[in-house]
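Student:
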Amino acid sequence: MQVTIAFNVFGVGLVQRMPRCRRGYIHVVNNDFTSWQMYAIGGSGDPTINSQGNRYSAPGDPSAKEVTKRVDTDEKDWTDWNWRTDGDIMVNGAYFVPSGAGVMTQYVKASSVEPKSATLVEQLTSNAGVFGETR
């Protein structure tokens with residue numbers, strides 16, 4: 247399975263699973279993640295996750311700064327999973343724990359659109375959400 251998650255706003259009050267990936271190839275590109283309560287991107291079952299051009303603004307809680315979470319899996323098992331951050335902006339202490347190969351060929355199936363600079367995320371997501379609602 248190949249999935250692209252692009253141009254979304256994941257705002258205050260969301261807890262986790264933005265997305266939650268199991269197997270497959272996931273391209274997370276040019277999204278705005280703000281103040282999640284547990285983690286932003288989670289996975290199990292060896293998914294390939296390619297995070298490009300996103301803005302991750304961590305919550306104030308010092309125990310929730312990590313963007314990523316490998317769900318119900320020992321570190322010895324997930325260190326080979328291909329998860330990478332490329333061109334993402336980390337705000338307020340947010341951090342992404344990469345794993346696996348850093349070689350671009352590993353991420354070909356998890357690449358669907360050319361990412362724009364993360365500095366443009368606010369513009370790229372300006373029309374995300376319910377029509378007529380303000381963010």
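Each residue of the sequence shown is one higher than the last, beginning at 247 in the working numbering. C-beta atoms are modelled at their ideal positions from N, C-alpha and C, and glycine is treated no differently.
Going by the DSSP bridge assignment, what does residue 279 pair with across the sheet?
Tutor: Here residue 279 is taken as the residue at index 33 of the sequence shown, counted from 1. Beta-bridge pairing links residue 279 to 256, 302.
Student: Using only the alpha-carbon positions, how far apart do residue 334 and residue 298 sit?
Tutor: For this step, residue 334 is matched to residue 88 along the sequence shown. For this step, residue 298 is matched to residue 52 along the sequence shown. The straight-line gap from Cα to Cα measures roughly 6 Å.
Student: How far does the alpha helix (DSSP H) with residue 324 in it reach, from first residue to last?
Tutor: As a first step, residue 324 must be located in the sequence shown, where it is residue number 78. 321-324 is the span of the alpha helix (DSSP H), which, as asked, contains residue 324.
Student: Could you tell me how far apart the beta carbons of residue 302 and residue 313 are, in whole angstroms, since I believe they sit closer than 8 Å?
Tutor: Residue numbering aside, residue 302 sits at position 56 when the sequence shown is read from its first letter. Residue numbering aside, residue 313 sits at position 67 when the sequence shown is read from its first letter. Indeed they touch by this definition, with Cβ atoms about 5 Å apart.
Student: Within 10 Å of its beta-carbon, does residue 269 have 16 or more other beta-carbons around it, so buried, or fewer, so exposed?
Tutor: What you label residue 269 is simply residue 23 of the sequence shown in a count that begins at 1. Per the 10 Å Cβ criterion, exposed.
Student: For residue 294 versus residue 328, is the C-beta spacing smaller than 8 Å?
Tutor: As a first step, residue 294 must be located in the sequence shown, where it is residue number 48. As a first step, residue 328 must be located in the sequence shown, where it is residue number 82. Against a cut-off of 8 Å, the Cβ pair of residue 328 and residue 294 comes out as a contact.
Student: Check whether the Cβ atoms of residue 322 and residue 288 sit closer than 8 Å, and answer yes or no.
Tutor: Translated into positions along the sequence shown, residue 322 becomes position 76. Translated into positions along the sequence shown, residue 288 becomes position 42. Result no, Cβ atoms of residue 322 and residue 288 do not sit closer than 8 Å.
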